[in-house]
Structures are given as C-alpha cells and as structure tokens.
Amino acid sequence: MSRSAAMIIMGVFTLYFLIPIFWLLVSSTKTLDNFNSSFSLWFTATSLQDGIANVGRLFTYNDGIFPRWMLNSIVYATVAGGLGTILSAMCGYALAKYRFWGREALFNIFLGGVLVPATALALPLFLIFSKVQLTDSFWAVFLPSIVSPFGVYLSRIYAASSVPDEIIEAARIDGSGEVRTFFTVAIRLMSPALVTVFLFQFVAIWNNFFLPLVMLRTQTLFPVTLGLYTWNSNVSQYPELRTLVLVGAFVSIIPLLVAFLSLQRFWRSGLGAGGLK
Amino acid sequence: MTVTTARRRGTREAAAPKPKGGFRYRKAIAIFIVPFGVLFAAFYLAPILYAVFQSLLKIQRVGTFGAPTQVFGGLSQYALVFQDTEFWSSILRVLLFGIVQVPVMLALALLFALLLDSPLLRGKRFFRLAFFAPYAVPGVIAAIMWGYLYSPSLSPFKFVTSNINLLGGGTVLWAIANVVTWVYVGYNMLIIYSSLLAIPTEIYEAARLDGASQWRIAVSIKIPLVVPAIILTAVFSVIGTLQLLTEPLVFRQFTSTISSTFTPNMLVYSTSSVPNFNLAAAFSVVLAVATFILSIGFLRLTQRKADQ
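Sequence lines, in order, name chains A and B.
As numbered in my numbering, the first sequence has no gaps in its residue numbers, which increase by one up to the final residue, 286.
As numbered in my numbering, the second sequence has no gaps in its residue numbers, which increase by one up to the final residue, 354.
Spelled out as structure tokens, the structure:
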C-alpha cells in the first residue's frame, strides 16, 4: 500500500470520527431558530453570543439542575472509581503475591464477574435495594459502582509483573508488616498501572446509564447521562429543551475528552496489558 | 556474599514455605481481600443468586381478584422464556447485528492499528487521538447525537437522509450498528495497536533482509502475533452486543420503529416494568448464561497468562 493511499484512508475516517463532534459543537452555538434553518456544519454570525447565552441557560435552567448532574457524575465516577481502584489493587496484589488455599478458585469467581452483563445485575439489585429501602438514593448508584472485577484482573497482572518478590522480602527483613509494605512500597510500584485501572473504572461509571435509570427517580440525584436522556425525551413537548440537550451533551463530554488527552500514555500502557502481550 | 545469599535463601524459605505460605500471612491476606470480596458478594453474587431465586417463583392469585402471592413455580418461568416469540426475535436481531457489526468494527480496528504501526503514516499522534476521541462520548450522548444526524429534517447530511430513511424499520438496526462502531473502533484499535508495539522490532529486520514487503510483514508476522488481542476485543464486543440497550432505548425517542422488546435487554427492562419480576429474572438468567458460554473462550485464553 502506498503512502498516499494510507493517508487517504486515515483522512476519510478522521472526518467520520470528528464531524459528529464538530456538528455538536456548532449546534450548541445556535438558537433554536438558527438550528432549524442555518447550514448545520458551520457557525452563524451570532454564534459566539448565542453559544454563551446557551451555556448560561444550560447552567441556570430548572434551578441549575445541569451543573448538579455534572457534579453527581463527577462524584460517582471519581469517588467510587478511586475507592474501587484501591480495593481492586489490594485484592489483585494478594492474589498475585500470596499462595493460599482457594486462591485460583477465588480469582476465577472474580474473573467471572467481568463476564456478567451489568444490565443483568441492575434489576435484581433494584429488588434487593428496595427491600432495604435504598432505591432512589445516592448509595444505590454509588455502592455498586465501587466493585470492578476487571480492576482486580488488571491489578493481579500488574502486581505480578511490577512488584518483585525480592522487594517484599527485603521489607519483611526490615520488619515491615505486610499491610504496611503494600501501602508504602507495592502501591508505588503499581501506581502507573493503577492510573489505568482508575481510568477504566472512571469511564465505566461515567458512561453507566442503566443502573441509574433503574434506581433513580429524584432528578437531583441523576448523573448527567440520565439527565440529558430525560430532557431529550421531553423535547417534543418543550422544544426549547432541544438546544439545552445539545449544549449539555457537548459540555458533558469535555471533561472526558480532556482526561483522555492528558492521560493517554496511561491508556496505551494499560490497554497493552489488557490485550495480553 | 556467600553468607548473605545463603541467609537470604534461608529467609525466603522460612518466609514462604511453599504449600501453605498463605497460612502465615492469613491476616494480611484477609485485610487485602475481604473489602473487595464483601462488596463483590453484595453487588455481584447476591443479585445473581436473587435473580435465580426470583426466576423460580411465580405469582398466584386466589380466584380472579384475589391477592397475589408468590409461590414456587419451578422452571415454569423458563418454559415461558423459551416459548416467547419476542424473546427469540430479539435474540435473532442482536445475533444478526453482531455477525455484521463485530467483524466490520474489528477489521477496521485492525486496519487502523496496522497503518499506525507502519512507516506509511505521518501525524500518527493526531490520528490516534482523533480515532479514540469518540470513546470519550458516553453511549447515551452518542446515540442522542447520531439521532439528530439521522433525522431527515435536522441532519446536516440531507442528501443522504432525504433518500434513505435511516430510522426506518429495515435500516434502524444498522443505524445503531454505526453508532456502536463509531464509539468503539478507536478503543479496539488502541488495544490491537499496543499489542503491535509490544512485538520486538528485531523480528522485522530478518523479514526485511529477506525482501519482504510491508504488506507481507503485516499479513505473515504482525497479524498472527496480535491474534490474542483480537480475540480479547472480539469477546468484549460480543458481550457488548448481547447487552445492547442504551442506543436503541435512546433511538426510541427519535423513531417509532423500535419496539420496547427490540433487544433482549430491552425486553427484560420492559418485562420488569410491567411488572413481572419473575419472568424478567428468568430472562436475565438465560441471557447471563448465554453471555457466559460465549465468553468461555476468553477465560481459557487469559487464565494462563494472568499468573505469568
């Protein structure tokens, strides 16, 4: 294949991947009238002030429900993702570095969790949570998000390859307890890998839609995905919501795009380990 | 030197007597594993067991207007599942979807990964970012976006949407396939690309000395070496296909051609909101088992590697 053929293929697909996002950016700078009438892949003369006005309305509409949704998503994804990463790291480390009865069985059970569809869990979880009256609460979405079997799987691989047994033994000789060794020595050696585990979990929680859909009724608890879905379902009754859906969609993908751009080297190394060298 | 080695070896043997090394550190092991284990039991095992339990019950009414009570129903819900024509048509629909969408997506991902790994491209960093960017868009947002792009009156691509109704009964499945492909191609590309990067470059030297072309190197050396990565992406894609829910659910806001039982998961969701939790649980269990069986190949491949 020639150089130019390769560049043409990649160029065409760059358009395929980026035009929809560009369209979303352009659309979020338009009034409802302009959205329906102007050329949809370019800005209008009044785009700058219309865009600012749209963002202003987005953040104030319905007593600022949108920033609330963004905040919810951020809390669900960072706090539950962070906690989940630490728990996964501890568990994966133990599975990699200690031999004990039932180790493989335990690992297989956790690994099986990777294959269970999240959607198959959401409904029975709803029934269990309703028995203890926790549905429609922050905890109903937060607690299940902490568990990441995939994180344990990755942590085990990373711990096996990046924490040498000799270092653990050296720490033992120095009189360090097992738990202290983990938190002071092992976790540092694993930290580049743990960023990847965190990123995977962050994205999974940020994108999770079905669990909140099943669990939540109170709008102020919604993550941003569920919030925008609800707005979009009301567009036919309240046409002004269309502008808010589009601006909201664009604003909501900015944090993830930024995270991806700044942390991409972690992504690549992590995907490499997940891809089984 | 000899002394220290001997002492270290001695310590190691004392520290990790092989068969019951865990016994000595059982407190530490418990501290490491119990927190995750408890949450896993609560939010993975318990719901699965609860779903199995629910699926074995049925609602019984005393007379026509009597109060409903749950009684043991054996496998009666499962009999209903397998007789349900909507269930089978939803299964066939996602199978058709998967048979077309997964190979197309993975072939594209492999092509892009090989091009990124070849000396043919300039601006690799840019392409990598541009192709991966859609993965930052959550399924709900991607579906809303493409829903507008497909809508005949609002689309920037009116020359397409005025000729083909992309949200029509025959085409909407493929419109969804495009959304899924758009989001995940870059992600799969990166998985394959990073396993290409892990191949030691000396392997190529010999081939190049023998006069092998880039094309030949790609087909005879690179592709065979990234087969494990391709299998991994394939298994995740198959799981994703069987779970298909968000995109069609959002597309229901744009078109009436998607029924509430369009995919197996939508069927489960709509059955539970009737509500008939026992039947919904049986659907869930059947689906989870099917997913599990399809993923066993993945388990076999990965278990060996996890220990290394």
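No residue lacks a Cβ here, since even glycine has one placed at the ideal position from N, Cα and C.
All figures in this text were calculated on a predicted structure; none of them were measured in a lab.
Review point. Is valine 194 of chain A close to chain B, meaning its C-beta is less than 7 Å from at least one C-beta of that chain?
Key: no
Check your understanding: Do you know offhand how far arginine 251 of chain A's Cα is from serine 199 of chain B's?
Key -> 14 Å
Check your understanding: Is the Cβ-Cβ distance between alanine 189 of chain B and valine 225 of chain B less than 7 Å?
Key -> yes
Exercise for review: Would you kindly report the start and end of the unbroken alpha helix (DSSP H) that includes lysine 268 of chain B?
Suggested key: Element bounds for lysine 268 of chain B: n/a, residue is neither H nor E.
Check your understanding: Could you give the C-beta distance for arginine 283 of chain B and valine 140 of chain B, rounded to a whole number, given that I count them as a contact under 8 Å?
Key -> It should be pointed out that residue 283 of chain B corresponds to serine in this sequence rather than to arginine. Wrong, their Cβ atoms sit about 12 Å apart, outside the cutoff.
Practice item. Could you give the DSSP three-state label for leucine 50 of chain A: helix, strand or coil? Key: coil
Exercise for review: Name the two residues that bound the continuous alpha helix (DSSP H) containing valine 206 of chain A.
Suggested key: 196-216
Check your understanding: Between which two residues does the alpha helix (DSSP H) carrying threonine 290 of chain A extend?
Key -> A question about residue 290 of chain A goes unanswered here, because the residues of chain A that appear run from 10 up to 286.
Review point. CB-CB under 8 Å to serine 330 of chain B, same chain, minus the five flanking residues each way: which ones, in chain order?
Key: Ala97, Ser101 and Val314
Review point. Does tryptophan 32 of chain A have its Cβ less than 7 Å from a Cβ in chain B?
Key: yes
Check your understanding: When the Cα atoms are used, what is the spatial distance from glycine 193 of chain B to phenylalanine 300 of chain B?
Key -> 6 Å
Exercise for review: List the residues of chain A whose Cβ lies closer than 8 Å to the Cβ of tryptophan 192 of chain B, in chain order.
Suggested key: Pro29
Review point. Whose C-alpha, out of B/Phe158, B/Leu138, B/Gly109 and B/Lys73, is nearest the C-alpha of isoleucine 17 of chain A?
Key: B/Phe158
Point to revise | CA-to-CA distance, glutamate 249 of chain A to alanine 258 of chain A, given in whole angstroms | key: 15 Å
Practice item. Return no unless some Cβ of chain B is closer than 7 Å to the Cβ of tyrosine 70 of chain A. Key: no
Review point. Beta-carbon separation of phenylalanine 211 of chain A and alanine 86 of chain A under 7 Å?
Key: yes
Check your understanding: Using a Cβ cut-off of 7 Å, which residues of the segment 307-326 of chain B contact any Cβ in chain A, in chain order?
Key -> Asn311, Val314, Ser318, Phe323 and Ala326
**Study point:** C-beta contact flag for leucine 27 of chain A and alanine 182 of chain B at 7 Å
**Key:** no
**Study point:** Any chain A beta carbon closer than 7 Å to isoleucine 276 of chain B
**Key:** no
Review point. Checking contacts by CB at 7 Å: is methionine 19 of chain A closer than that to chain B?
Key: yes
Point to revise | Cross-chain neighbours of valine 256 of chain A in chain B, by beta carbon under 9 Å | key: Per Cβ cutoff of 9 Å: no residues; valine 256 of chain A is ~12 Å from chain B at best.
Exercise for review: Could you tell me the distance, in whole angstroms, from the CA atom of serine 143 of chain B to the CA atom of alanine 221 of chain B?
Suggested key: Residue identity differs from the one stated: residue 143 of chain B is phenylalanine in this sequence, not serine. Roughly 11 Å separates the two Cα atoms.
Check your understanding: Mind checking isoleucine 304 of chain B: buried by the 16 CB within 10 Å criterion, or exposed?
Key -> buried
Point to revise | Residue span of the alpha helix (DSSP H) that contains lysine 170 of chain B, given as start and end | key: 170-178
Point to revise | Ordered list of alpha helix (DSSP H) runs contained in the segment 230-265 of chain B, each at least 4 residues | key: 248-255 and 260-263
Check your understanding: Would DSSP call glutamine 106 of chain B helix, strand or coil?
Key -> strand
Practice item. Could you pull out every residue in the same chain whose Cβ sits closer than 8 Å to the Cβ of leucine 132 of chain A, ignoring the five residues on either side in sequence? Key: Val223
Review point. Using the beta-carbon count (16 or more within 10 Å), is phenylalanine 118 of chain B buried or exposed?
Key: exposed
Practice item. Following the continuous alpha helix (DSSP H) through phenylalanine 86 of chain B, name the residue where it begins and the one where it ends. Key: 72-86
Practice item. Please classify arginine 165 of chain A: is it buried, with 16 or more other beta-carbons within 10 angstroms of its beta-carbon, or exposed? Key: buried
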